[in-house]
Amino acid sequence: MKPKQQCGAHARTTGAPCKAKALPSGRCKLHGGMSTGPKTLEGKQAIGAATKTRMAAGQLQKAIEGRKRWLDAGGREHLSRLAKARAARLKWLKPRH
Numbered sequence: 033m034k035p036k037q038q039c040g041a042h043a044r045t046t047g048a049p050c051k052a053k054a055l056p057s058g059r060c061k062l063h064g065g066m067s068t069g070p071k072t073l074e075g076k077q078a079i080g081a082a083t084k085t086r087m088a089a090g091q092l093q094k095a096i097e098g099r100k101r102w103l104d105a106g107g108r109e110h111l112s113r114l115a116k117a118r119a120a121r122l123k124w125l126k127p128r129h
């Protein structure tokens, strides 16, 4: 029986070798055995488009969550109070003819 091939990459903190099962490349999936990304121009463009879509969706979700927090904290009521105070100040500041 053939013994299990180990990765053998050394940890920086302990110096102990990795005991995970090695892939055909000789390293485990955590230490350089898996894909390093697309190589062709088409593959790179596809990854770029997917990343752009994912980032845009994340920004939209953050904006929605921020608005919900603002409303829950009484943001709309605060703006209403500010507008009423401003109207009251302007009423007193109008020049009389």
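Sequential numbering from 33 applies to the sequence shown in this note's numbering. Ideal placement from N, C-alpha and C gives every residue a C-beta, glycine not left out.
{"Query": "Between the Cα of G64 and the Cα atoms of K36, R99, A54, which residue gives the shortest distance?", "Result": "A54"}
{"Query": "Out of curiosity, what's the CA-to-CA distance linking H110 and A117?", "Result": "11 Å"}
{"Query": "Per the DSSP calculation, Q38 is bridged to which residue(s)?", "Result": "K53"}
{"Query": "Cβ atoms of C50 and Q38: under 8 Å apart, would you say?", "Result": "yes"}
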